[in-house]
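Take a look at the structure set out below.
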Amino acid sequence: MDSDLGIHEATPLLQKGVYHPPSKTDLRGPCPLVNALANHGYIPRDGRGIRAKELYTALDVTGLSRMLRWGFAYGSLVEHFDDPPTGFWAFIRNPLAYLLRKFGMRPRAQKDSSGIPYLNLDQLALPGAVEHDVSLTLRDIGQGDNMTCQEDLVSGLISISSNGRKITTEDFAVRRRQRLEQQERENPSLTFDSLAHQLGCTEIALVQKLFGVKSRGYSVPVPYVKAIFEEERLPAKEGWTKRSWWHLGLMELYAQIEKLKRCVGPVKYTTPPK
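Take the sequence shown: its position 43, counting from 1, is numbered 43 in full-length UniProt numbering, and each next residue is one higher.
Laid out in structure tokens, this is it:
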């Protein structure tokens, strides 16, 4: 290796599960949890050529149910259409693509040399699919970079803890409102609709349900939050372990989303001026 390359210029060969931050040439996306899977080697560390089956299998280490893992992994690799097909025959031709047509992020006809569809992590930042404005730790696409966790936003999230040790549902709700107010001021091209709000609350609920402490209302310890958002690392050395008795399913996740939305309260939807 060239002697004047930086310390993270190339990711070494490491055992699966061992954490290592990405090199300068590795690809990463907007989701800290998926980035963490790459940083631990559960999916390709370079962030390239990720197949749906690989992502589905990797997500098991987080404690997600088979249904949620399947929906995220295979839904992400549905082909993206700016104007997706609709109607009865579109459903008959490809039911999966039809049902998940709004969320697909794979460029059309993108397949590897074996003919298997794949996705690169930076393609998860495609606006209008799953990525959205008013994220907890990302700027909006209209501000130039909707993929990199911002240090000031991560600090703002951590500082919202009411006791400095954990972040509760109420704390997350306060931060959600703060971020919306901030983006209304700072992003003239803000697009914030009911789907964006639902997706934003879903992301928070996932963090709570996968990493929160059940006996404390799924409050998330601050050290866990720092590991996930600052280092994009699973917080195992801080004490986190994957759920052992049951996986996080759709109904449990939905209940937490609705609880969070009630705590956030009414929000104003915004579309950029034409």
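Built from N, CA and C at the ideal position, the CB exists for glycine as well. Remember, it's a predicted structure, so these values are computed and weren't measured experimentally.
Under the three-pair Cβ rule at 8 Å, the segment 226–234 does not count as touching the segment 168–176. Here the alpha carbon of A38 sits roughly 31 Å from the alpha carbon of K259.
Excluding the 5 residues flanking it on each side, T137 has same chain C-beta neighbours closer than 7 Å at C149, Q150, L153, V154, L157 and F229, in chain order. DSSP places G104 in no alpha helix (DSSP H); its state is neither H nor E. Closest in alpha carbon position to S76, among G115, L124 and L64, is L124. Assignment of T25 by DSSP, reduced to helix, strand and coil, places it in the coil class. Taking the Cα positions, R66 is about 11 Å away from W246.
Taken atom to atom, the span from the alpha-carbon of L119 to that of Y56 is near 13 Å.
In this structure, the straight-line span from the alpha carbon of E203 to that of K209 is close to 10 Å.
T62 counts as buried, since no fewer than 16 other beta carbons sit within 10 angstroms of its beta carbon. Here P223 carries a helix assignment [DSSP, helix/strand/coil]. Inter-residue distance for F172 and G115 is about 42 Å (C-alpha atoms, whole angstroms).
For the set P117, R108 and G265, the Cα lying nearest the Cα of S194 is the one of G265. Put simply, of R139, R243, H40 and D26 the residue whose alpha carbon is nearest the alpha carbon of Q15 is H40. Ranked by how close their Cα comes to the Cα of S23, the residues G17, C31, P44 and L33 have P44 in first place. Taking the Cα positions, N146 is about 5 Å away from R139.
For K111, the beta-bridge partners assigned by DSSP are P117. The distance from the Cβ of R28 to that of L121 is about 5 Å, consistent with a contact at the 8 Å cut-off.
In the three-state DSSP reduction, I160 falls in the coil class, being neither helix nor strand. P32 is not bridged by DSSP to any residue. Taking 8 Å as the cut-off, the beta carbon of V220 is found closer than this to the beta carbon of G212.
At the C-beta level, L68 and L199 stay beyond 8 Å of one another. DSSP links F192 through a beta bridge to T270.
Counting only the Cα atoms, G17 lies some 33 Å from H197. The Cβ-Cβ distance between L190 and Q183 falls below 8 Å.
The beta-bridge partner set that DSSP reports for P127 consists of E131.
Counting other Cβ atoms within 10 Å of its Cβ, L13 stays below 16 and is therefore classed as exposed.
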